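*Asks:* Below are the structure tokens for one structure; questions will follow.
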Amino acid sequence: MNTNDKSAFIAIVGRPNVGKSSILNRILGQKIAIVSSKPQTTRNRITGVLTEGEYQLVFFDTPGMHKPKNSLGKYMVRSVNESVGGVDCCMLVVEAGREPGQTELALIEKFKIMNMPAILAINKIDMIKEKDALMKQILEYSKLYDFESVVPVSAQDGNGMGELLEELKNQAGEGGHFFDEDTLTDQPERVIVAEIIREKILRLCDKEIPHGTAVVIEKMKTRDNGILDIDATIFCERDTHKRIIIGKNGSMLKKISTYARQDIEKFFDCKVFLQTWIKVKEDWRNRAQILQNFGYDEKNFD
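In this note's numbering, the protein residues as written are 45 to 346.
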């Protein structure tokens with residue numbers, strides 16, 4: 045171990061759909077967290093690891109804070125609370141031009157109680173035309189909390205991401221690295237594959253249906269010729285949802301599978317043969333046993 049090695053554990057927090065996963069993927073240079081225009085995309089805490097020279101940053105990409113409607117929602121909120129409790133620093137991600145709301149105020153209150161070092165990342169600055177609005181927002185947030193730094197960024201085009209990374213490195217303390225240099229995530233490969241497939245459902249299907257879906261990887265096996273065989277089951281809550289996900293003559297399921305396979309091949313850098321099936325499990329988001337079977341940590345349930 046190099047005596048100069050420094051590390052920091054950082055929770056990425058904020059309301060749904062502000063770009064937390066996009067920022068994490070941009071920092072890592074590779075997609076490990078799924079990205080969608082629909083809120084509440086991230087369900088599990090995804091751990092991303094960046095090692096650059098003496099610095100190692102370990103990120104928890106948490107679900108967006110929201111008012112839970114079911115057992116899965118409660119799990120997601122507990123996951124955020126747990127993340128904030130065990131880190132060196134929090135990165136609060138907010139949307140450019142948007143005033144602080146209940147979510148931001150509640151998180152800032154947690155920072156105050158825990159005396160938590162926090163960095164404010166104002167994302168989507170590429171969408172804002174009036175720079176005065178950005179300056180007003182920075183001033184408003186600076187009055188609410190003594191942030192270590194405030195960094196306007198665009199995860200979309202990379203603007204400001206270098207500055208944000210430097211500010212995050214400033215939070216690293218001595219004590220060595222916790223992961224090998226080439227580690228990108230501590231998530232099992234099956235979780236990554238399931239999340240990639242779920243992202244495609246979120247992107248291609250409409251309205252409430254995607255949030256009623258879960259993906260379970262039944263098989264992952266590499267053939268002698270290097271091709272990776274994957275069998276995946278998509279669970280949804282209703283027969284009507286199943287029909288929509290399958291699409292006319294199987295067209296939607298084929299599109300989901302094709303896009304997912306392309307991303308999985310990029311991630312593993314090999315040819316992939318992906319087979320997907322769909323099953324109905326009614327009201328699975330409110331059934332703790334099923335949620336545990338789908339890979340959600342049982343300690344976060346009642």
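For each residue, glycine too, the CB sits at the ideal point set by N, CA and C. All values reported here derive from a predicted model rather than from experimental measurement.
Cutting at 6 Å between CB atoms, please list the residues of its own chain near R305, excluding the five before and the five after it.
*Replies:* V316, L318
*Asks:* Using the three-state DSSP reduction, which class does M135 fall into: helix, strand or coil?
*Replies:* strand
*Asks:* How big is the Cα-Cα spacing for A177 and E239?
*Replies:* 36 Å
*Asks:* Just reading off the beta strand (DSSP E) that E262 is part of, what are its end residues?
*Replies:* Taken as a continuous stretch (DSSP letters only), the beta strand (DSSP E) holding E262 covers 258-266.
*Asks:* Just to confirm, is the Cβ distance from D49 to G220 under 7 Å?
*Replies:* Cβ atoms of D49 and G220: closer than 7 Å.
*Asks:* So, are the CB atoms of I152 and E192 less than 7 Å apart?
*Replies:* no
*Asks:* Could you pull the start and end residues of the beta strand (DSSP E) that Q319 belongs to?
*Replies:* 316-324
*Asks:* If distances are taken between C-alpha atoms only, which option among V57, G294, S51, T302 comes closest to A165?
*Replies:* When only C-alpha atoms are compared, the closest one is V57.
*Asks:* Report yes if the C-beta distance between D234 and M264 is below 7 Å; otherwise report no.
*Replies:* Checking the sequence shown, residue 234 turns out to be Arg, not Asp. The answer is yes: Cβ separation under 7 Å.
*Asks:* Mind checking T320: buried by the 16 CB within 10 Å criterion, or exposed?
*Replies:* With 16 or more other CB atoms across the displayed protein chains lying within 10 angstroms of its CB, T320 is buried.
*Asks:* Which partner residues of V194 appear in the DSSP bridge assignment?
*Replies:* L164
*Asks:* So what's V62 in DSSP terms, helix, strand or just coil?
*Replies:* In the displayed model, V62 falls within coil according to three-state DSSP, outside both helix and strand.
*Asks:* Give me the residue from E207, E262, Q181 with the minimum Cα distance to V138.
*Replies:* In terms of CA proximity to V138, Q181 leads the group E207, E262, Q181.
*Asks:* Just how far apart, CA to CA, sit M171 and L183?
*Replies:* The alpha-carbon atoms of M171 and L183 are separated by roughly 19 Å.
*Asks:* Let me know if G92 comes out buried or exposed under the rule of 16 or more other beta-carbons within 10 Å of its beta-carbon.
*Replies:* buried
*Asks:* Measuring alpha carbon to alpha carbon, tell me which residue in L136, L212, E309, K168 is nearest L101.
*Replies:* L212
*Asks:* Closest to T95 by C-alpha separation, out of G145, T284, S51, D313, would be which residue?
*Replies:* Per the Cα distances, S51.
*Asks:* Apart from the five residues just before and just after G117, which ones in its own chain have a Cβ nearer than 6 Å to its Cβ?
*Replies:* Because G117 sits at a pLDDT of 42, beneath the cut-off of 50, its placement in the model cannot be relied upon, and the point is left open.
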